[in-house]
Amino acid sequence: MTLLKGLITIEKANAATRQLYLYQLLASGARLAKKDHQGKFKIDARTAQRDFASIRNFLSDYFNNYNLEYDAKDHKYYLSNGELGLSKAQCLVVIKVLLASRSLARKELEPLIKSLLALLSDQDRRDIKPIIQSELANYVELKNLKDKRLLEAIYTFSKLILQRETITIDYTTQRHKYVTRTIAPVALTFSDYYFYIVSYNPQFKKNIIYRLDRIISWKYADKKIPLEQRTHFNLGDEKKKFQLMYPGTPITVQFKYTGIVEAALDKFPISKTIKKIDEQTFLLEVTTYDTGALMWFLSQKDMVTIVSPPEFRDEMKATIQRMLANYED
C-alpha cells in the first residue's frame, strides 16, 4: 500500500504547493515513492522528478545538515538529518540507558521512550521496537519512584541552580524523618538509580546531598543565602570521588586487590595501578570519599586488603569485626 493511498487528489496545484506538501511529508519522516507524488497531484514522472530535485536544492542552499536521500531498494525518497536529531543507533542507546538506570517511574518512562521513537522514521522505529520490547514490558520501577514525577522536577531544579536561588524544602530523610531545610542548590547529578541535589546548607555550613524524589515540596526562601557564603562545589571534580553518593572525608587509599582490576579502576575515576604483586594481586591507589568507599570495599569480600592510610585500615578492620559480631550465637 502506498503512503498516499486514499487521499483526495489535488489537480492543477502549482509547483510551490506541490513542493511545500512534499517537504512537509518528508520532514515528518515519510518515505515517498515518485509514483505517490504523481498520483497525488496527477502529474507526469518528469514533473515529479523536478519537485524532488527542487527539495534537494532547497536543502542544500538553506539546510545543509539535511539531505534528500534515495533508497534504490524500495524506490523511495526520504530525509536524512546528517548531524541533527538522533540516528536509530543513538536512540537505541539512550533508551537502553534509561531502561537500565530504572531512574523513572513507568508512567514517565513510557511517554519519554515514545517521544524518542517519534524522532525516527517509520522504518527505524520498526527496527528498534522489537529490540526493546521485552525489556520495556518487564521494566521494574523502583518502589520509591512509583508515584513520583521527576522530569519536571529535574528541569525546575536545574533552573534554580542556574539562577542561584535560595529555597526552603520539606524533605524526608533516609530514616523517614520529616525536616524543613533552607538551602541553595548548586548541582544536580545522577547515581545508582536516583537523582540528587547538592545544596549549600547554612545550618551545617557545608554542602549537603539531598535525593530529589525525597523533596516533598519547596518554595522560595524569604531571605537569600549570600553567594559569598556558599561553599564552592565543582560537580565534575567531586563526582569522580563519590561512591554511592556518600561524600564523607576526602581520602587517598592504597589497597591490594585480587578481583578484576579494570572494574575497580572504573569504579574509582581517580585511580591508578601502583604495581603488580603477583599473578592475581595488584596494588591500586584511589582518591575518593571515605564513607562510600568503605561500603564498596566491604562489598568485595576477601578480594580487598587495605594497605594505607593506617586509620582507614583500622576502620575497615573494626567494621569487619562488628559485622562478624552480628553472627556470633
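Reading the sequence shown from the start, the letters are residues 515 to 843 in our numbering. Glycine included, every Cβ here is placed at the ideal spot set by N, Cα and C.
Exposed unless 16 or more other CB atoms sit within 10 angstroms - verdict on SER713: buried
CB contact flag (LEU726, ALA777, <7 Å): no
Every unbroken beta strand (DSSP E) inside the segment 530-585 [3 residues or more]: 581-585
Residue(s) in a DSSP beta bridge with TRP732: ILE683
Residue interval of the beta strand (DSSP E) (run including LYS786): 785-790
Inside the segment 798-838 only - beta strand (DSSP E) runs reaching at least 3 residues: 818-822
PRO740 - DSSP class collapsed to helix/strand/coil: coil
Pairwise C-alpha distance: THR531 and SER615: 47 Å
Identity of the residue in PHE704, TYR710 and ALA698 nearest LYS719 by Cα: ALA698
LEU798 and PHE769 closer than 7 Å at C-beta: yes
Nonlocal neighbours in the same chain, by C-beta distance under 6 Å from LYS519, ignoring five residues either side: Annotation note: pLDDT 43 at LYS519 (below 50); position unreliable, no value reported.
For LEU702, the three-state DSSP class (helix, strand or coil): strand
Cβ-Cβ separation, ILE627 to ILE645 (assumed contact under 8 Å), whole Å: Not really, about 12 Å apart at Cβ, beyond 8 Å.
Which of helix, strand or coil DSSP assigns to PHE671: helix
Reduced DSSP category for VAL607 - H, G, I as helix; E, B as strand; rest coil: helix
Bridge partner(s) assigned by DSSP for PRO764: TYR803
Supposed close pair PHE566, LYS548 - CB separation, criterion 8 Å: 7 Å
Per-residue DSSP class, three states only, for ARG695: strand
Contact check, ILE834 vs ASP804, beta carbons under 7 Å: no
Span separating the alpha-carbon of ALA527 from that of SER601: 35 Å
Three CB pairs or more closer than 8 Å across the segment 733-743 and the segment 774-792: no
Same chain, Cβ closer than 8 Å to LEU540, five either side skipped, listed in chain order: LEU546, ILE569, LEU582, TYR591, TYR592 and LEU593
Length of the line joining the Cα atoms of ALA839 and TYR692: 33 Å
Span of the beta strand (DSSP E) around ARG725: 720-725
In DSSP terms, what SER594 is bridged to: ASN581
Pair within 7 Å by beta-carbon distance, THR716 and ILE739: Thr is not the amino acid found at residue 716; the sequence shown has Pro there. Contact: yes.
ASN715, DSSP secondary structure in three states: strand
Cross-strand partners of PHE747 (DSSP beta bridge): According to DSSP, PHE747 bridges with nothing at all.
Beta-carbon proximity check, LYS660 vs ALA619, cutoff 7 Å: yes
Close-in-space but distant-in-sequence residues of the same chain around GLN743 (CB under 8 Å, 5 per side omitted): TYR714 and PRO716
From LEU634, ARG678 and GLN563, residue whose alpha carbon lies closest to that of LEU741: ARG678
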